[in-house]
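Report on the following structure.
2 protein chains.
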Amino acid sequence: MTVTLADVAARAQVSPATVSRVLNGNYPVAASTRERVLKAVDELDYVLNGPASALAAATSDLVGILVNDIADPFFGIMASAIQAEIGGPGGRAGGERLAVVCNTGGSPERELTYLTLLQRQRAAAVVLTGGAIEDAAHQAAMDAKVRKLADAGTRVVLCGRPPAPDTGAIALTFDNRGGGQELTEHLIGLGHRRLGYIAGPEERTTTRHRLEGHRAALAAHGIEEDPRWTVHGRYDRRSGYEATLELLRRDPSLTAVVAANDSVALGACAALRDSGLRIPEDVSVAGFDDLPFSIDAVPSLTTVRLPLAEAGARAGRIAMGREEAPPGGIASVRGELMVRGSSGVPRS
Amino acid sequence: MTVTLADVAARAQVSPATVSRVLNGNYPVAASTRERVLKAVDELDYVLNGPASALAAATSDLVGILVNDIADPFFGIMASAIQAEIGGPGGRAGGERLAVVCNTGGSPERELTYLTLLQRQRAAAVVLTGGAIEDAAHQAAMDAKVRKLADAGTRVVLCGRPPAPDTGAIALTFDNRGGGQELTEHLIGLGHRRLGYIAGPEERTTTRHRLEGHRAALAAHGIEEDPRWTVHGRYDRRSGYEATLELLRRDPSLTAVVAANDSVALGACAALRDSGLRIPEDVSVAGFDDLPFSIDAVPSLTTVRLPLAEAGARAGRIAMGREEAPPGGIASVRGELMVRGSSGVPRS
DNA sequence: CCGTATATAGAAAGCGCTTGCTGTAACGCT
DNA sequence: AGCGTTACAGCAAGCGCTTTCTATATACGG
Chain R
183 MTVTLADVAA
193 RAQVSPATVS
203 RVLNGNYPVA
213 ASTRERVLKA
223 VDELDYVLNG
233 PASALAAATS
243 DLVGILVNDI
253 ADPFFGIMAS
263 AIQAEIGGPG
273 GRAGGERLAV
283 VCNTGGSPER
293 ELTYLTLLQR
303 QRAAAVVLTG
313 GAIEDAAHQA
323 AMDAKVRKLA
333 DAGTRVVLCG
343 RPPAPDTGAI
353 ALTFDNRGGG
363 QELTEHLIGL
373 GHRRLGYIAG
383 PEERTTTRHR
393 LEGHRAALAA
403 HGIEEDPRWT
413 VHGRYDRRSG
423 YEATLELLRR
433 DPSLTAVVAA
443 NDSVALGACA
453 ALRDSGLRIP
463 EDVSVAGFDD
473 LPFSIDAVPS
483 LTTVRLPLAE
493 AGARAGRIAM
503 GREEAPPGGI
513 ASVRGELMVR
523 GSSGVPRS
Chain P
183 MTVTLADVAA
193 RAQVSPATVS
203 RVLNGNYPVA
213 ASTRERVLKA
223 VDELDYVLNG
233 PASALAAATS
243 DLVGILVNDI
253 ADPFFGIMAS
263 AIQAEIGGPG
273 GRAGGERLAV
283 VCNTGGSPER
293 ELTYLTLLQR
303 QRAAAVVLTG
313 GAIEDAAHQA
323 AMDAKVRKLA
333 DAGTRVVLCG
343 RPPAPDTGAI
353 ALTFDNRGGG
363 QELTEHLIGL
373 GHRRLGYIAG
383 PEERTTTRHR
393 LEGHRAALAA
403 HGIEEDPRWT
413 VHGRYDRRSG
423 YEATLELLRR
433 DPSLTAVVAA
443 NDSVALGACA
453 ALRDSGLRIP
463 EDVSVAGFDD
473 LPFSIDAVPS
483 LTTVRLPLAE
493 AGARAGRIAM
503 GREEAPPGGI
513 ASVRGELMVR
523 GSSGVPRS
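Just so you know, the protein sequences line up as chains R and P, in that order.
With this note's numbering, the residue at position 33 of the first sequence is 215, and numbering never jumps.
With this note's numbering, the residue at position 46 of the second sequence is 228, and numbering never jumps.
Now the structure itself:
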């Protein structure tokens, strides 16, 4: 049998109500009584029953963080930052909160399932990270779920994900379009006119926005795009490797390859090297995100830095009600172009 | 007001008990009744109240995964694999389980706090990943906590962490010592006699075991170790960079650098390159773990592959009671030496 | 010195669910 | 036909906590 509140109360010679109040610290209790209770708690090694507490109080100290791929540092960094902000005391009585990271693996079903699970646990807040899946039915289902969560008092924050209008969710969106455009403009400025683009999976907002930025830059400079120059793949290195070989096969005259993210760019570099091409002398490469390893690549990667940790921290604070939501519930987070060794003037 | 079991019962014209049984599927219910209930659930958009359910049933569907650093793919990969095994149906009624990843940041206090939080939530299982902190007091506190959890019916699995005897926890330990030894022996076999070692943080089992393996290899070949050849640091790239410069300063005649893990090794490579040294012609470099990016480094990294995903998956299955625990509750997981471009014969 | 405000503690009513036990038909057997 | 079984369904007692309301004790103002 585990120790209950009543046991502690008996030992401290007070009522269960008093013990509860001491533990929650939300009601005046005489110092001497408090001490007696705390002593009993300690002696009995009492641990509050979370479910019972959540049931009675109709709130829980669970905070959910949904990520597409926990093995990807892009999400790991955000999750880490969010969790760091959540760990501390917040809302109800200096109580610790349990930040739970849920890995959807990019699957629509799991995303929805996790949201239901969190709703079931009456989570205090939920942070959804990364791009959304662009499927009308799924979007609608997600929005409905989010709205329901928000209605039930769960604070919902989107971090690095487009806003979901009329759902009550607060959005910290990454300016993927702007970053993509800036990146490609840098390459164009260097003199590149034949640029390959390795996009992420289709039906993802992040993929689409980055690609749109790329195309906007091309259009702005009057460069007509060849459909052969775009290949879709996954957000991992392997995919970048294969896509680059494909790109090279389709048009060996490309002088630059823009990747959907840094991992993909690394794969692209490997493929280029394996094809006997030098970076950036023969082909320039650019990534996106500026993950920690990007500066370590040889040559170091030109990319767009996304303030993942900062955005995550802010999302965490907003989720905890420790920071005000941005006006209109939407804020755009800009990326910063990082020009490094992997981009240079095109070969003549 | 949210929808409750009673509402569903009323709508389906049955008793709450019946609804509960339909939902849990652990008691015979006539097909026609079940359908009626399910229909009502659907129509009312009913979501079970997790805390209430956990309270009444004295169990919850939460599974905790503790990691030292969620932004590090080493943990991300394990967590991902564990979670994949847990997501599915298990134990009680095809019910989904909520796998929660808790980021301790390597802090002893947070580790303990999270364990308490999970205990409070009456977690169904807990998986502790990665090396443990070697502090007697902390160890004792952890062991006591783990024992308490196990006593309360929570299954505890250690993945990549040394066994905790008499705690009821099941351990899947990585053979860090053996891997470290094999790695250094490879280097010695190549002809190296002056090897630098960049160790991880002190007071960590992983750090100690890998270092012990390294020293065992040296000893086995009659190489006397110079204390200047070992530097401690963190498990990240930055630390590897700095430690390598320090190593070079202390003894420029080193012909090989063994790193605590792959990230550190990457930092070492960068430092060597920045010092005008070629890899492996001037200095060989070796890592540990074989994370995905290691093969992409230039030159690709010689390292010890740890089957992180496999071990994680197994830990997950054991935690769910879907796979039998190894005999004695302890299993050692071996690493595999991956010889690649970063190691070669020493310069003469 | 009394009436009222103030501080502190307890009693008790749930929170929404699970489950042991108790019906009550319908069924099968002799 | 009579009776033990079997298959469902409902009743009701909690699970361990929070919180409203109430009770008591002390303090204060006049």
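Cβ atoms here follow ideal geometry from the backbone N, Cα and C, with glycine treated the same way.
Nothing here was measured: the structure is a model prediction, and the numbers come from that model.
- Partner residues in the beta bridge of residue 413/P, as assigned by DSSP, are 380/P.
- Annotation for residue 364/P: no beta strand (DSSP E) segment contains it, though the alpha helix (DSSP H) segment containing it runs 358-372.
- Between residue 394/P and residue 362/P the beta-carbon gap is near 7 Å, inside 8 Å, which marks them as a contact.
- Distances from the CA of residue 481/P to each of 364/P, 521/P, 203/P and 216/P were compared; the closest alpha carbon is that of 521/P.
- Contact of residue 210/R with chain P by beta-carbon distance below 7 Å is absent, the smallest such distance being about 25 Å.
- If you check the CB distance, residue 467/R and residue 517/R do not come in under 9 Å.
- For residue 512/P, the beta-bridge partners assigned by DSSP are 353/P.
- Collapsing the DSSP output to three states places residue 206/P in a helix.
- Where residue 431/P is concerned, the enclosing alpha helix (DSSP H) starts and stops at 419-432.
- Nearest to residue 315/P by alpha-carbon distance, out of 339/P, 250/P, 285/P and 258/P, is 250/P.
- With respect to residue 413/P, residue 365/P sits apart: the two C-beta atoms are not nearer than 9 Å.
- When secondary structure is reduced to three states using DSSP, residue 502/R falls in the coil class, being assigned neither helix nor strand.
- Annotation: residue 330/R to residue 226/P spans about 13 Å, alpha carbon to alpha carbon.
- In this chain, the beta strand (DSSP E) harbouring residue 311/P covers 307-311.
- Contact annotation, residue 528/R with residue 391/R: C-beta distance approximately 26 Å; criterion of less than 8 Å not satisfied.
- In the structure shown, the three-state DSSP call for residue 297/P is helix.
- Residue 499/R does not reach chain P, its nearest Cβ partner there being about 17 Å away, counting only Cβ pairs nearer than 8 Å.
- For the segment 297-330 of chain R, residues whose beta-carbon sits nearer than 8 Å to a beta-carbon of chain P comprise 298, 299, 300, 301, 302, 303, 304 and 330.
- With a threshold of 9 Å between beta carbons, residue 199/P makes no contact with chain R.
- With at least 16 other beta carbons inside 10 angstroms of its own, residue 303/R counts as buried.
- Residues of the segment 477-502 of chain R with a Cβ closer than 7 Å to any Cβ of chain P, in chain order: 478 and 480.
- Neighbours of residue 234/R in chain P, taken as residues at a C-beta separation under 8 Å, are given in chain order as 233 and 237.
- A distance of 9 Å or more separates the beta carbons of residue 339/P and residue 322/P.
- By the Cβ neighbour-count rule, residue 240/R is exposed, with fewer than 16 other Cβ atoms within 10 Å of its own.
- Per DSSP, the continuous alpha helix (DSSP H) segment holding residue 217/P begins and ends at 213-226.
- The criterion of a C-beta distance shorter than 9 Å is satisfied by residue 247/R and residue 265/R.
- Residue environment for residue 197/P: exposed (fewer than 16 other C-beta atoms within 10 angstroms of its C-beta).
- Less than 9 Å separates the beta-carbon of residue 376/P from that of residue 435/P.
- Of all residues in the segment 347-361 of chain P, none places a beta-carbon less than 9 Å from a beta-carbon of chain R.
- Judged by DSSP in its simplified three-state form, residue 246/P adopts strand.
- The Cβ of residue 251/P sits closer than 9 Å to at least one Cβ of chain R.
- For a Cβ distance threshold of 8 Å, nothing in chain P lies close to residue 187/R: the least Cβ distance comes to about 13 Å.
- Within the model, the alpha-carbon separation for residue 370/P versus residue 342/P is close to 27 Å.
- Around the beta carbon of residue 221/P, fewer than 16 other beta carbons sit within 10 angstroms, so the residue counts as exposed.
- Residue 411/P places its beta carbon less than 9 Å from that of residue 432/P.
- Only exposed fits residue 317/P, as fewer than 16 other CB atoms lie within 10 angstroms of its CB.
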